[in-house]
Structures are given as structure tokens and as C-alpha cells.
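Protein chains in written order, with our numbering: chain U, 1 to 844; chain P, 845 to 1328. What follows is one structure encoded as C-alpha cells, with my remarks underneath.
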Amino acid sequence: MSTEERAVVVPDLCLVVLIGVSGSGKSTFARRHFAATQVLSSDVCRGLVADDENDQSATPEAFALLHHIAGVRLRGGRLTVVDATNVKAEDRASLVRLAREHDVLPVAIVLDVPEGECLARNAERPDRDIAAGVIRRQRADLRRGLRGLAREGFRKVHVLDGTEEIDRAVITYEKQYNDRREDTGPFDVIGDVHGCRAELEELLGELGYELRRDERGRPVDAEHPAGRRAVFVGDLVDRGPDAPGVLRLVMGMVGAGHALCVPGNHENKLVRALRGRNVQITHGLERTLAQLETEDADFRREVEEFCHGLVSHYVLDGGALVVAHAGLKESLQGRSSARVRSFALYGETTGETDEFGLPVRYPWATEYRGRAMVLYGHTPVPTPEWVNNTLCLDTGCVFGGRLTALRYPERELVSVPAAQTYYEPARPFLPEGDAAPAAVPGRRDDVLDVDDVLGKRVVETSLAGRVTVREENAAAAIEVMSRFAVAPEQLVYLPPTMSPSATSTRPGLLEHPAEAFAYYRGEGVAEVVCQEKHMGSRAVALVRRDGSGVLHTRTGRSFFGADLTAAFLTRLSTAAEKAGLFEELGTDRLLLDAELLPWSAKAGDLIRNQYAAVGAAARTALPAAVDALRQAADRGLDVRELLDRQERRVADAGAFTEVYRRYCWPTEGLDGVSFAPFQLLATAGATHSDRPHAWHLALADRLAAADPELVRGTRSLSVDVTDPTSEAAATAWWEEMTAQGGEGMVVKPAANLTRGRRGVVQPGLKVRGREYLRLIYGLDYTEPQHLERLRERSLGRKRGLALREYALGIEALERLARGEPAWRVHECVFAVLALESEPVDPRL
Amino acid sequence: MLLTLSTTHVPATDLGFLLHKNPARAQQTSVSTGTAHVFYPEADEHRCTVALLLEVDPIGLVRTARAGGTEGAALAQYVNDRPYAASSLLSVALGKVFSSARRGVSKERPELVDVALPLEVHIPALSCSGGPEMVHRFFAPLGWRVEATAVPLDDTRPEWGDSRYVELRLSGELRVADALNHLYVALPVLDDAKHYWVDADEIEKLLRAGSGWLAAHPERDLITRRYLRHRASLTRRAIERLAEVDDAEALDDALAPPVAAVGGPADGDVEEAADRPVPLALQRHGAVLAALRSAGAQRVIDLGCGAGALLPALLADRTFTEILGVDVSARALEVAARRLRLDRLPERQQARIRLLQSGLTYTDARLRGYDAAVLMEVIEHLDLDRLPALEHAVFGAAVPTTVVVTTPNVEFNVRYESLPAGAFRHRDHRFEWTRQQFADWAGTVGERYGYAVRLLGVGDEDPVVGTPSQMAVFTRGATTEVAA
């Protein structure tokens, strides 16, 4: 008896179908070789749906459940083992279908055990009573189907003959051909060559490769001194002048390990033509075949073998890069099926043809949301254009365009022009004048899908890790975003909420600078900056050098109508130009975080209908109450205490009225409007959250100097929180400002984005003035009995929210600077808006 | 907030017996929202005045509401007029403090209970939606002489105009119980704002307080409606919080009826008023249904279905085998589901209709593969720069075979007498198009996405300005014949 291991090789992602009669030991086999969670047993499913593993009447429902779970697992890319008899062809057919639906390979493992043994095992099991006839029938079915398994669609079939061989079996896994995740590059990914050998030589030269030539001077290999490798996206042949030359070079590079290559549809067709299949000799194939005629038979055979052996696509660099000729949507990446190959070679078509008779391609890239960068060719475009982290590198060299490569991971494009037009395209691909490229009508990269925003969402941020958005908050946000916000391409940032300082215990006060200083000291931050808090409305301005842009509110609404917005942006852009900001920062745009004054400019209705109204009611009702109480007191009734209280409330109502009046003044057009920027959020391709606040405020001052009527600076004071004198000066400054009715100040780490003991520290804490807080906590919140209870406020949620929104805002800016797809930026911006609808105490 | 009630009945101090409150001392009663003080500023033989002063605890007010899940309630709850202006809170206090008097019970002066006495009421700040005129409409039919003066918002800003508060003085000869019951109902009704106390037995309370006078009151319907409304859903609150983040009072309501004039919603619908006998809305429904039937559509999406204007008509026609109502507002869908009684439909009917939240400027795979999509009075609620996104989402991504779009014809607006020149029909409209503008848009979209376009008028045609509404029917894959 042999003790040698019996190797059973299966792909690392596949659907394993165990086949064997009752009692053949399938469950034991599965238990021994696979994790319990990988095995789906029909018996267990019968138990789940009918409380009885032997209830044969539950079989249809049990299999429905088994198929469902298997589908969920396969969709998630998990190897799955089906433990059922599977002796009938129709049972196996449904499993093969399931594997194909999820683009994984079906694998059969047959446990072929003699009937007698099965009967004996069944007899040992008290829970099971299976007639001998049943076993016999099952075995007959099994034997009948055994030879046809490959025909049924199983890509690997392992027949284990008898108990002895079964016991010796050892499962070994093999990677799929397309799985080269361990290969991290760097790569130079090269677009469709189509027989343009000269341009390919030139491009490889540009990329730094050194060509090796054979004795006849023909290039047969190219090697990069730094070990970079080329990746060809396919369509090496057809239409162009020297397909054999291109093949010789690429085959040499691939053979030498200097390049990878995926097949294009043209290679696919070439193989079939070389094998004598009946194919239409069109679309440039005639040229390749003619060119190959002059080569010898060995070379033609090598070409046939090379093209036939190409793997549909590659998954590279830990899954961060996918190369496929026509691109590949996320659900097919790293999978194996005829469908994967078809998509990789031809892309997805809608089944329609366009006015030139060419198939209309489904714009899969506009919907692409995968993590992997996808590089592809297939459809010539005038210039490569990133669409959701995918890039088409076919720039129509053979049609007189260019041959293009992308350096990975650098994301740098390198291209050489075609020496001439070698072939006339069926459809013009280079734009005539300003005509749009024909590939996809309308919008591409900025298409947003509800799946990008709706439902419970988790957004990955570099500052705060995973930030979760609840479903109901997303539901509220989508309405605001859809109906009121400016267009998403203009809306790249929403400001985060800000927490107040911890509650002060000083008499008559709810907030005081001391707590803000203490917070930063505790976080190990020594230097902070106190910035005057302008009482207006938070505003974000995106201003471009040409005067275009947007000015929006905290929820993304446009501040003004179109005309006033245009006037505002022109003024701001002129000021920035005058201050030399565009020049100095090397940018054509500025994204500014600011406060827009007066408060009444945006909140006019709110001030009138709420604040002024409450004031009016108080100023009318309270004096009347005082009068009535005085009369009663004159009659000798004991209402002294009540009367005193009403008299104090009259004074509070007056103070309240003074506060809101301070933030209201009339505006006419831009006259009276004042813009107070305090942070430069982003410029073209850059964020500035790590620059000290002093830098930001200096820029703001220069803007203010350039247009003092429109732009105002922000007063600030630098504080060393370990120096009581420094703190006292800042406190005095705060007291002075707030005594005059000023809103207060914001205390920020001087260095801006700062990490403390537990991650990022609060980017700012507001310390609001005593009088201002009447607008927030009520007219007479300063009454001791009110104040005492108000001090019980809890800041935890607000702080948490402020940090999460801050992280999301920074994330949006960074994604924007990296040139990431619109949906990736929008996801963060949307999440900020959604979090803003979280229920937290709005007075904080 | 303060309310005084005086009488010149002799002896005036009998008022104390009728109210069960001794004029010789100040009393206080604890109520759910604070403390109610009762005292008499004057009390002699010829004139007696009782004052009810409710000291609201503003912080306690919010904390009580928190039990109902309003953590994160709108800021308006914290700085609001409740502690000052007479409203439902005062009504509750009045109900409690003078409960026997309201029922017409007096141990000491039973003979006076049913006698009309000379009475005066003074409320220095009464919260009133509709201003002095509404006060007159409420009290005058009840036999009161009414003196109502609007309180200005801010004397230093005369341009801001009047506040919603009215200084009210009433005088007349009435039974004390009636006077109290009038006030008990009047305060919340005139205030017409959020009650903090609407609960299931409000109807009972209203009937009791209104017995003997409400049934015959000319404004009975208005009073009842106002008394019983104002409830908020959870989604509504989330939306309110967002409005507040933006310093706005409330988001403009796309569900609100069209405006009659800038500045306020009309009681009726401008369009309806001008379009009797067959209302335009019905004509529009008819036209849309006709277009769907003519296209042979069975599976249809109503994009921007709102509270479900069209859905019942679709549901009523069995040729539509699958109906999908889509709106960006979760609140609108809640209303639609309630109106359609979705949870109570028979199973077969229920299977035909689904409601779905989605934003029309976002693509949505769930909307793919339908026979027809309706955009009835939807596009004009989108800013013009968002339209391309909607076009792509509908014509490029959802790709229904037929798309029916209706929108107002702005040329017709001159025929609405109540609509000021240049104003749109609805406050949320971002644009309204002429026939030419609509035709140009439809043509461009049709060409870009491969749809043939037919244009139709909706409503009765005016020889000069056309029909009030206009419709475009897009058919996929056909080509538009160039109109002569």
C-alpha cells in the first residue's frame, strides 16, 4: 500500500464540488481539508430549513439556501466547498452555472468508494436510514457521469479511487494565472502598438530601456537598467507596418522577464487565423498575415503559441493595479471565466452599433468604483484621460496619433508621435476642431452614483481612520445636496463643525479662554493662536484666476445669486492677482475658508423672524408684567421676588436686542459685504493644512490690503500656554472684544494640523462671549439658576463630530489634490453634510 | 407671558369667587412648563383685575421635549418666544389654574356663573399668525369688542415691519367661563405654531372647551384645523437641523403649494384658480397618462414623484404592471406611502408599486430597464447647472424607452392675474422656460442621447401665449423628424 501523498491541486479561488454517494466520506474529507466555514453541506442546510437533516422533502429549499450562501461567498472572492452527493448531472450543472455566474472555476473532487463500504458506514450511523437500493442507484449515477465531468464544465477533475487514495489526499493550492499581486513593479504600461515597431523602439528609448538586437539588427529584447518592466496592454499586431517586428521584440522581452503582456482582441483573432479557423480577414489582419508570410514557419508557430498563451489580464502590485486590454470592472478582476476573458478583450458592449457601424461600448469606466487602478487600451482616444482611477492608453498611434506609456506607480505619461498615419480609422478618433471625442457621450469622470452616497457609508480618512455615516443622515443629506447645493464639481469642501471650549465654572460665565488653553496644554501643544471670531456666516470660496468659481455656505448652497456671485468672484480674483497670490503659489485657483459678513446678509430672515421677534415679544410682554406686579406690590401683595426677577429679565431682553443688532447692517449688492478669509484650504494640486496659521493669516492680510472694502483681515494673538502672562494678555483681549458684543475668539494650534496624545487634536476651539451667548442660550441664560443647569452640557459628541468632520474635510482636499475621481472627493464632502445632521446639542 | 382679566361688575371682587382665587394674596401653581402666578394688580368694589403670569422655564422646556427624542432639536427651541408671547403654554396654564371657572362652577357665587359680566382682557404680546385681522376673525363673532395692534419687530429697524405679535385688548359682556374657554382655544389657534403638547385626546379637549360656541363659529374649520395640526417626523427633524446649520429658518418646501405672490404661499393654487373647470393638474395627469399609454409602457418610473401626485392614477390603471416612485425627499415618500395606504393595499396591488429615495443628479442602477420614466414638473426645481447631471442619469444611465417631461410654459404666466410680473409659479422653481427654450433643450438632449422628441401643450391653449404647461415625449432609438 502506498503512503505517498496524493496531490489534489485546486485554484486558490474556486468552487469545489465534492461528488460521492452517501457514506463515501465526503463530510469527513471536507472537515479534514477545508475550514468549517468554507464547507456548505446539503445536510446542514436541510437541518436549517426543516430542523431535520434527513428530511428529503426539504431538499429543494435546502439547495436554494446552499446556492444562496455559495453565491454570497463567491461574490466576496472566497473559496467554497459544496458537500452534497452531486451524483446527478443536473445537480452538478446548477453548481457549474453558479461558479460561472461569479466568474470562478468549478472543480470536481470525486470520492469513488465501493458500495459495500458505503453501506457499512451508513449502517454505523444511527441517525441515518438509507436503503441499499438508494446507494446502489447513486453509485450507478456516479459511474455514469464520471467521464463527462470535464465536458460538463469542470476545469479540474480529481477522482480519488477508494478509501486508501482518499486518505492519502493532500490539497494544494495554485495561484490563478492572472494573480501577480506579489509583483510590485515599477512598470511602464504601454498602449496599443498595432505593428508600429519604430515608434515602439523610440518609446522604449524614451522610457530608458536599452534595446538588444539580433545579428540582422532587429530588436529582440529591451531591458531597463533600473529593472523596470514593460506591460503591454495588447493589440500588438494588425494595421501597422511591422507586426512581426513588434512581436519579436515583445516576445523577447516577455521571454527574458523584462515585460508582461496581456492579449488584445487582435491577438485573439490572429491565433484563430493562424490555426486556420474561419475568420474575417479585416481590420488590418490582412496586413499582419501578409507580413508573417515573409517570416519562417518556426516564427509563426512561436507567435501562435505566444499569443495563445497570453493571460486575459493581470492583477499586480498587491491588487493596486490591473492591466487588461479593454479594461475590467471590479467584479471581474482576478477572476477566471469566459466572461472575464471576453470583457478583457472586447469590453462591454450595449448590443447597439453607432453611426459608423461600430459596436457601442458600455461606459464601464464612468461607473468604476474599484480600488485598483485599471490601465487599458482598445479604444483610441485623442489624449489619455483619467476616469475614476482608470486610464485608456490607446492614443491611436497607427492612426497617426501617438504611442503612449504610463509610468507606474509615478503616474507619469510618456508618449511619442506616430511617424505617419498607417491606417484610416473607421470612425474619426482625433477631434476635428473642437468636436468631442466619440467614445462616450456626455459626462465621464464627474458622474456620481447614488451608491456613492446613500445608505450606511464608511469613508476611509488618513487622519481619523474609518468614519461612519448613518443611513438616515445620508437620506437627509441627499435631499439638501440634490436640491440646494452647488454642482458637485464645484463643491470640493465643506467646513467642519467646531466645538466650544470646556465649560467654565467662573461666576456668570459659560465659556472662558482658560479652558481652551488648558486643553491644548494637556495635548502637549505649547503655542496656540487666538483668532477673532467674526460674527457672520461661514463661507467657502473657490476662486479661479479667470474670475470664475463659487461662493457657498456650510451646506453647499450658493451664497448669492448668479450676478452677485460673479461680481464677488471677480473682485476677489482681482484682489488675489493684485496681492500676487496666484503667481507666488503657482496656482490658478484658491480655495478659501472664511466668514462672510454681515450675518444679516444670509441670515436676514432668520434674524427678523426669530431673534428680532423674540426680542419684540420680550420687550412687549416683560414691561407689562412689571407694571402689573408693581400695582400688586402697591396693594401690599408679596410679589417682591417675582417683581425683581421680571425687572432683571427686562434688562436681559435689552442686552439680547443689542447683540443681534450689532451683526446686522444693510447691504446693497456687494456694498457692505465683507469677506474675512482665515485659511487657504487648497491651491491647484496642493493642500495647506500643515502650514502654520500665521502663514494663512498673512495671506489673508495681503488680500485685505489689496481690496480693503471687500476683504477684511482677522485679528489674532499668539499665546504660549505655558506662560501665564501670555495667557493673561489673551484673556484680557478676549474680555475686551466680547464686552463690546464681539462673538469671541477661536483658539487653534499655531502649527495648524497637529497630532497629540490620541491622534489629531481639535483643529480649533471656540470661546464665545458672555453677551453673544444670549443668542444661543436664551435671553436670560445668565440668571444663576439657568446657568447652573446649562453648565451640565456635555461636549463629547460634539468633539468627536468636529474631529470626524475635520478629517473628512482634509481627506476631500487631499483626494482632490491627488487628482482622484470626482466620486472620491464627493464621498467625503457628502459625509460632512450627512454628519451635520447628526443630533447633537446645537448650542455647542 | 401675561394675561389679565378685569371686570367692572359691582362688587368687582366677586371675580375672585368666580375664579376660585383670593384677591388678597398672590398664588403660584406649578405647571409642566414652569410656574403660573396668579395675582390681582387691582381689586376694589368697582374694578378688579386678575393677572396670570406664566414663568416658563426655558431650559426645562427643552429637557421635557427631550424625552420625545429631540436631542439635537432645532436651535429655535432654545431661543424662542415661548417664555414671552402668549401661546399654547399659557393656554395650558390657564386651563389648569382656572379649571373650575372654565367649567362654570362657583361655590360662593353660583348665581353669577351664568350671568354675562362686563369684562376686559389684556394680552400684551399674543403670538398670532395672520396678525390683527385674524384676531378680529376669531373674537368678533363671539361678541367681543376687539382692539388689536401689531407689535413692530424692532423700533430701530422700521423697514423690518411688524412682528407676529399683537397687543390685544378685548371687552364685552360675557360669562366668565365663556371668556376663559375662548382664550383657552384662541391662544394655540392664533399662534398656529408647534404645540409642545399635542396628544391623542386633543380632540376631546377642543370639543369640551368649544361647547356652546365653536359649532356656530364662522371660522370653525380654520380653528379646528389649526388646533390639531403640527406634528413632526424624525426625518423632518434631521432636515431642520441642516437648515439650521445654514442659518436658514427652514428649507424651502418643494411640496408647498405654488405661490400667489412673492412673500407667501397662497391659500389656493394660482394655476388652479385660473384653470377651472378642468384643473391644470388633472389635465397634466391626463396628458402624461396618455403619453405613457401611447408608448405602450407597462413598467414606469415616476421620477420626482413627491408626495405622490401621479402615483394613484398610475396605480388605478392595470396596464402599468410595475410602478416605481422615486424622490429625493424621504419625507415626501413617507407622505406618499401614507396617502397611497401602501401598507394596506392588497398584495397584488402592493407588488405593483415601490417607492425609492434617490437623487436625480446621481445615476442609480435601480432605475435601469424601465419602459418609461416621467419627470412631471421636476426639472424646473433643479438649478440649470445641475440639469446635465439629471440628463445623464435619466437618458444616459437609466435609459428608459420613453421619457415624458412636463414643465411650466413661462409665457403663460401673464395670464395669472395674481402672479406678479417676472415671478415664478412656485418659490422653489429655479427657472421657467418659454416654449422655444423648452424645445431647444429637448432637441439637444434628444440628439445627444439618441431619443426622438415630440412636443405637446398641456392645458387650454391661449392663441398668444400657448398652453399653461408643456410636455416633451422622448422615444429612444427613433429619429426626430424635422418639423416643417
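Glycine included, each C-beta is placed from N, C-alpha and C at the ideal position.
| query | Distance, Cα to Cα, P/ALA1286 vs U/GLU101? | reply | 40 angstroms
| message | Taking CB distances under 9 angstroms as the criterion, tell me whether U/PRO677 reaches chain C. | response | Of the protein chains in the structure, U and P, none is chain C.
| field | Partners in chain P for U/TYR772, counting only beta-carbon separations shorter than 8 angstroms | value | The contacting residues do not exist; U/TYR772 stays about 12 angstroms from chain P at best.
| task | Indicate whether the contact test is met: 3 or more Cβ pairs, each with one atom in the stretch 989-1004 of chain P and one in the stretch 1051-1070 of chain P, closer than 8 angstroms. | result | no
| Cutoff 8 angstroms; reference P/GLY912; Cβ partners in own chain excluding five residues on either side | No answer about P/GLY912 holds up, because its pLDDT of 35 lies below 50 and its placement is not dependable.
| Hey, U/LEU236 and U/VAL414: beta-carbon distance below 9 angstroms or not? | no
| query | Taking DSSP as the reference, what is the three-state secondary structure of P/GLU1235? | reply | helix
| Cross-chain neighbours of U/GLY778 in chain P, by beta carbon under 9 angstroms | Simply PRO902, ILE903, TYR922, VAL923, ASN924, PRO927.
| For P/TRP1277: DSSP bridge partner residues | P/ASN1253
| query | In three-state terms, what does DSSP make of U/GLY309? | reply | U/GLY309 falls in the helix class under three-state DSSP.
| task | State the Cα-Cα distance for the pair U/VAL159 and U/VAL110, rounded to the nearest angstrom. | result | 5 angstroms
| query | Excluding five sequence neighbours on each side, which residues of the same chain lie with their C-beta closer than 7 angstroms to the C-beta of P/VAL990? | reply | VAL979, HIS980, PHE983, ALA984, LEU1014
| query | For U/VAL157, which residues of its own chain have a beta-carbon under 6 angstroms away from its beta-carbon, when the five flanking residues on both sides are left out? | reply | Result list for U/VAL157: ALA108, LEU149, ALA150, in chain order.
| field | Contacts that P/GLY1203 makes with chain U (C-beta to C-beta distance below 9 angstroms) | value | Going along chain U in sequence order, the residues near P/GLY1203 (Cβ under 9 angstroms) are LEU448, VAL450, VAL453, LEU454, ILE478, GLU479, MET481, SER482, ARG483.
| Can you list the residues of chain U that P/LEU1009 reaches, using a CB-CB cut of under 7 angstroms? | Reading off the sequence, residue 1009 of chain P comes out as Tyr, not Leu. In chain order: ALA616, ALA617, THR620.
| said: Please report the straight-line C-alpha distance between P/GLU1046 and U/TYR362, rounded to a whole angstrom. | reply: Cα to Cα, the separation comes out at about 59 angstroms.
| query | Where does the unbroken beta strand (DSSP E) through U/HIS552 begin, and where does it stop? | reply | 549-552
| task | Per DSSP, which residues does U/PHE187 bridge with? Please list them. | result | Looking at the DSSP output, U/PHE187 bridges to U/ARG229, U/TYR408.
| If you count every other CB in all the chains shown that lies within 10 Å of the CB of P/LEU1126, and 16 or more means buried, which is it? | exposed
| task | With DSSP collapsed to three states, give me the class of U/LYS329. | result | coil
| said: With DSSP as the reference, identify every bridge partner of U/ARG361, one or two as the case may be. | reply: Per DSSP, U/THR349.
| DSSP state of P/ALA1105 mapped onto helix, strand, coil | Because the pLDDT of P/ALA1105 is 31, which lies under 50, any placement of that residue in the model is unreliable, and the number read from its coordinates should be weighed accordingly. P/ALA1105: strand per DSSP, three-state reduction.
| field | Interface flag, U/PRO488 vs chain P, CB-CB below 9 angstroms | value | yes
| field | Cut-off 6 angstroms between Cβ atoms - residues of its own chain near P/ALA1023, not counting five sequence neighbours on either side | value | LEU963
| Should the stretch 749-763 of chain U be regarded as contacting the stretch 731-739 of chain U, the criterion being three or more beta carbon pairs within less than 8 angstroms? | no
| request: Count the other C-beta atoms from every protein chain shown that fall within 10 angstroms of the C-beta of U/ASP317, then say buried if there are 16 or more, exposed otherwise. | output: With 16 or more other CB atoms across the displayed protein chains lying within 10 angstroms of its CB, U/ASP317 is buried.
| message | Quick check on U/GLU432 - is its C-beta less than 9 angstroms from some C-beta in chain P? | response | Any reading at U/GLU432 must be qualified, since the residue scores a pLDDT of 43, below 50, and its modelled position is unreliable; no value is offered.
| task | Starting from U/TYR173, follow its DSSP beta bridges and name the residues at the other end. | result | Answer is U/VAL10.
| If you draw a straight line from the C-alpha of U/ASP563 to the C-alpha of P/LEU1231, how long is it? | 19 angstroms
| query | What in chain U is Cβ-close to P/LEU897, meaning under 7 angstroms? | reply | ALA625
| message | So for U/PHE675, helix, strand or coil by DSSP? | response | strand
| query | Terminal residues of the continuous alpha helix (DSSP H) containing U/LEU795? | reply | Segment: none, U/LEU795 is in no alpha helix (DSSP H) and carries neither H nor E.
| task | Starting from the Cα of U/TYR408, find the closest Cα among U/ALA372, U/GLU424, U/TYR422, U/THR383 and give me that residue. | result | U/ALA372
| Taking DSSP as the reference, what is the three-state secondary structure of U/TYR660? | helix
| Rounded C-alpha distance that separates U/GLY685 from U/TRP386 | Taking the CA atoms as reference points, U/GLY685 sits about 15 angstroms from U/TRP386.
| said: With a threshold of 7 angstroms on Cβ separation, who are the neighbours of P/ASN1070 within its own chain once the five nearest residues in sequence on each side are excluded? | reply: Going by the sequence as given, residue 1070 of chain P is Arg instead of Asn. Once the five neighbours on either side are set aside, the close Cβ partners of P/ARG1070 are VAL1033, ASP1036.
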